[in-house]
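Line order of the protein sequences matches chains A and B.
FYI, in this note's numbering the residues of the first sequence are 57 to 235.
FYI, in this note's numbering the residues of the second sequence are 396 to 697.
Cβ atoms here follow ideal geometry from the backbone N, Cα and C, with glycine treated the same way.
Just so you know, these numbers come straight off a predicted model, no measurement behind them.
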Amino acid sequence: MIDSNNLESRIVEIYNLYYLDVYRFLVCFTGNQNDAEDLTQEVFIRVLKGVSNFDGKYNLKTWIFSIAKHVAIDHYRKKRFTSLFKDGFFNQLSSNEKKPDEEFEVTELKLLIHDAIAKLKPNYRAVVILRGINEFSIIETSEILQCSEVKVKVDYHRALKELKRKLNIEIEGVLTNAK
Amino acid sequence: MQNEKDLFDMLKEMYPQHPRKEFVSATENTLRQRARSMRKKRILTKFSVISSSVLVCAFIFSWLIFFNGNGKVSEIIHSFGGASSSYAMDEKEPVVYIYHSHNIESFIPELPAQQMYRERAYSDTKNITLVGKELSRELEEIQVPSIHDETDTAGILKQKGLHFPDSYKVSRENLQKVLAENDSIRMVFDIHRDSNKRRDSTIEIKGKEYARIRFVVSKTNGNFETNKTFATQLHEQLEELYPGLSIGVIEKEGNPPNTYNQELHDNSVLLEMGGIENTLEEMYRTTDIFAQVLKDILEKSK
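Now the structure itself:
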């Protein structure tokens, strides 16, 4: 139990420790800086509400990430039938300043990866990002997703396989078109 | 692209790796504000809980003082009326007044071993007051509103430096006050524990033991005739339902002469119930029956 007098300093401390990790998870998950920022704020507001009841049974970081995962999936469900996801991505890319041809190559590849990730179902997406980007261990990932370690391993491999398969098909497709 | 590491490196580079600085500081401020308002809310909740409990306490305290005055009557006014048919139910006002001039009279089976002497069958806590309380509760159950006076008469005697025979003077004060305030009172009972031996104070009815009752009427009071009629009515009603439970009506002069405050009400009777060897359970069985008898009489006299 955290004394309410310390609540303010406590939440600020937690926020400064973890906001970057949470943001990176969400930016990969949503593919959009604006959404990722909004959701990051949402995550820490939920952390603030829950922190006085946080009993220390869990690791603080995995607890925060389990909140982030819920926030991300809620967001995914809300946006499921809208195309805002892609629009946001295009807007952002166009703001980059690079040489035209170089920019095109990079953009093309990024677009492919982005699409492939976006097509993964949200649970696979979460596993891939948690393991690959945030570099959580299998045990930590299983705590965040509240599932068994075996499921984390299996999902991770299936997600990667699917991702690679999609990317290979897409790249081949791009090359074929280019010929 | 086959390499996972390359894939993740690409992914990492794909999106802005840091949120905007304005966002970081704005969120920090938002969180600070929220934390502060949560704290305020908690303080407010705490404050309102404390202040409302203080208010409630003050209310109860003033209620006690206002209604009880210096007499320390703790009145239990059972006024659970209802739409049912009976006499008492139509009235919300108390119709029965129960008190104990000798409130510390007790029962040996209910007391710790060291108090097991005849002359010590008295207790400040486990005493005849509990029997009156039970009668009041049973009356409430059958919708007969009553007032049970739990005044510690013996305590007041001690406080004022009076002697045991003065008990009636002390209990009289509250009785007069209650009668003046409630003209709805139709019956007055001063309940005592009798001092008969167990074989005389107990009767077995259908396999269960009951404490017996005696009705005592003072010959020296102005209401002697009406009191006697009332006592006889109670005795006869009991005889009809549970023969032998009532010992009968006794007329007493008292030595020195005592009216037992019976001149204050037409239907005033002193009850002597059970004896020092009875248990509270045996007493309660009798009060259960007695409550029903009172209700019957009230309905009849309507």
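Taking Cβ-Cβ distances shorter than 9 Å, what residues in chain B pair up with residue i?
i	result
Y74 (chain A)	The premise fails here: Y74 (chain A) is roughly 12 Å from chain B at the closest Cβ pair, so nothing lies under 9 Å.
L176 (chain A)	Per Cβ cutoff of 9 Å: no residues; L176 (chain A) is ~12 Å from chain B at best.
L104 (chain A)	L426, R429, A430 and M433
What first and last residue would you give for the alpha helix (DSSP H) that runs through residue i?
i	result
I200 (chain A)	I194 to L201
D691 (chain B)	L675 to K695
F625 (chain B)	F619 to L636
Y132 (chain A)	L116 to K135
K572 (chain B)	S562 to E576
R532 (chain B)	I523 to E536
Compute the Euclidean distance between the alpha carbons of residue i and residue j, then round it to the nearest angstrom.
i	j	result
Y410 (chain B)	L439 (chain B)	44 Å
S596 (chain B)	T627 (chain B)	19 Å
F559 (chain B)	L552 (chain B)	7 Å
P638 (chain B)	W458 (chain B)	44 Å
E746 (chain B)	P540 (chain B)	Examination of residue 746 (chain B) is not possible in this model, given that chain B is present from 396 through 697 alone.
T520 (chain B)	G550 (chain B)	12 Å
N522 (chain B)	L636 (chain B)	27 Å
S480 (chain B)	T524 (chain B)	No answer about S480 (chain B) holds up, because its pLDDT of 40 lies below 50 and its placement is not dependable.
A172 (chain A)	L82 (chain A)	16 Å
R680 (chain B)	I600 (chain B)	11 Å
T548 (chain B)	R588 (chain B)	15 Å
Q428 (chain B)	V208 (chain A)	38 Å
T621 (chain B)	L659 (chain B)	12 Å
I542 (chain B)	T682 (chain B)	15 Å
F584 (chain B)	N656 (chain B)	10 Å
V490 (chain B)	N577 (chain B)	9 Å
N618 (chain B)	A453 (chain B)	43 Å
V107 (chain A)	E505 (chain B)	54 Å
K220 (chain A)	L76 (chain A)	27 Å
F442 (chain B)	L73 (chain A)	34 Å
A575 (chain B)	R437 (chain B)	50 Å
N147 (chain A)	N88 (chain A)	The predicted position of N147 (chain A) is uncertain, since its pLDDT is 49 and thus under 50; no value can be drawn from it.
S139 (chain A)	V444 (chain B)	Residue placement at S139 (chain A) is flagged as unreliable, the pLDDT there being 49, under the threshold of 50; the coordinate-derived value follows with that caveat. Approximately 50 Å, taken between the alpha carbons.
In chain B, what lies closer than 8 Å to residue i by C-beta?
i	result
Y79 (chain A)	H413 and P414
H131 (chain A)	Chain B residues near H131 (chain A): none, gap ~15 Å exceeds 8 Å.
Q202 (chain A)	Ordered by position in chain B, no residue passes the 8 Å Cβ test against Q202 (chain A), which lies about 24 Å from the chain.
G188 (chain A)	E399, L402, F403 and L406
Y71 (chain A)	T422, E423 and L426
Can you round the beta-carbon distance between residue i and residue j to whole angstroms, since I take them to be within the 8 Å contact cut?
i	j	result
I671 (chain B)	I499 (chain B)	Incorrect: roughly 12 Å between the Cβ atoms, too far for contact.
S496 (chain B)	S518 (chain B)	The pair is not a contact, with the Cβ atoms about 16 Å apart (cut-off 8 Å).
F610 (chain B)	I580 (chain B)	Wrong, their Cβ atoms sit about 18 Å apart, outside the cutoff.
I537 (chain B)	K435 (chain B)	I537 (chain B) to K435 (chain B), Cβ: 53 Å. No contact.
Starting from the beta carbon of residue i, find every residue of chain A whose beta carbon is closer than 8 Å, and list them in chain order.
i	result
T425 (chain B)	Q97 and I101
T440 (chain B)	Those do not exist, as T440 (chain B) stays about 11 Å from chain A at its closest Cβ, beyond 8 Å.
V444 (chain B)	By Cβ distance, chain A contributes nothing, its closest Cβ being about 15 Å from V444 (chain B), past 8 Å.
M405 (chain B)	L165, K166 and I169
Find the residues of chain B that neighbour residue i, judging by a C-beta separation of less than 7 Å, and give them in chain order.
i	result
K166 (chain A)	M409
I67 (chain A)	L426 and A430
Check for me: the beta strand (DSSP E) holding residue i runs from which residue to which?
i	result
G670 (chain B)	No beta strand (DSSP E) holds G670 (chain B); DSSP gives it neither H nor E.
S541 (chain B)	S541 to H543
T597 (chain B)	T597 to I600
A516 (chain B)	Run containing A516 (chain B): none; DSSP gives neither H nor E here.
V490 (chain B)	That residue, V490 (chain B), is in no beta strand (DSSP E); it is neither H nor E in DSSP.
K647 (chain B)	S641 to K647
I608 (chain B)	I608 to S613
F584 (chain B)	M582 to R588
Can you name the residues of chain A whose CB is closer than 7 Å to the CB of residue i?
i	result
M433 (chain B)	L63
V419 (chain B)	Y75
Less than 8 Å between the CB of residue i and some heavy atom of the ligand HEM, yes or no?
i	result
K614 (chain B)	Questions concerning the ligand HEM fall outside what the structure shown contains, since it holds no ligand whatsoever.
What residues of chain A sit near residue i, judged by a beta carbon separation below 9 Å?
i	result
F584 (chain B)	Correct list: empty, because the minimum Cβ distance to chain A is about 56 Å.
>> Using a Cβ distance threshold of 8 Å, determine whether the region 192–209 of chain A contacts the region 128–136 of chain A, with at least three qualifying pairs required.
In response: no
> Do the region 118–126 of chain A and the region 445–456 of chain B make contact, defined as three or more Cβ pairs closer than 8 Å?
Replying inline: The region 118–126 of chain A is not in contact with the region 445–456 of chain B.
>> So, does the region 405–423 of chain B touch the region 209–220 of chain A, judging by three or more C-beta pairs under 8 Å?
In response: no
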